[in-house]
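The structure appears right after this line, and notes come after that.
This is the structure in structure tokens:
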């Protein structure tokens, strides 16, 4: 069974663990505890050390290997196995680096955007309050408009009544002026028409008033 599949890809506390005979585990823990910039070089060192160990003893190649296998075939299989382990190890280290970078980016985003988010939340609260104030003002203006509209209608009705009264008064005055003009005109035609109607007071030598 290939022990390489059990290699962890996260940082582990080696103080409470008892490393097995699989040296790849210990080398992986070593890699995860070094800076990211040196991972590639560390991986190459791990693979080189294991290649030397496997080349020093055929027993390290695996229990299922034939001890009488052709050296070229054994080297070819060993190379494939080393490359496979190297690929898996690189993949695990790469995934771990991605997780670290993702965490760093997430923290950076939260740290940089927190003031902006808080500012936008405060602005949103202020805008909502202003919106409520505007809505309340609009409602008051609508009520005031209805009241003024009703008052305007009443004033127009009163104005119509006053116009009617004024028109009637003008007509009455016109009729009175026409009547007075007619009477004056009649008197101007016969100025002595009322002479006999005025009594002559004898004994007082008074003339009738013309």
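In our numbering, the protein residues as written are 1090 to 1299. All C-beta atoms in this analysis are idealised placements derived from N, C-alpha and C, irrespective of residue type, glycine included.
Item                                                                                                         : Value
Which of helix, strand or coil DSSP assigns to residue 1159                                                  : coil
Residue 1191 versus residue 1172 - alpha carbon distance                                                     : 28 Å
Euclidean distance between Cα positions of residue 1222 and residue 1241                                     : 28 Å
Buried or exposed (CB count within 10 angstroms, at least 16 for buried), residue 1263                       : exposed
Environment of residue 1239 [buried if 16+ CB atoms lie within 10 Å]                                         : exposed
Cβ neighbours of residue 1228 in the same chain (closer than 7 Å, five flanking residues each side left out) : none
C-alpha distance - residue 1198 paired with residue 1187, whole-angstrom precision                           : 16 Å
Buried versus exposed, by CB contacts within 10 Å (16 or more), residue 1122                                 : For residue 1122, the predicted model reports a pLDDT of 47, less than 50, meaning its position is unreliable; a value from the coordinates is still stated below. With fewer than 16 other Cβ atoms within 10 Å, it is exposed.
Three-way DSSP call (helix, strand, coil) for residue 1119 in this model                                     : Reliability fails at residue 1119, whose pLDDT of 47 lies under 50, so the model's placement of it is uncertain and the value that follows must be treated cautiously. In the structure shown, residue 1119 sits in a helix (DSSP, three-state: H, G or I).
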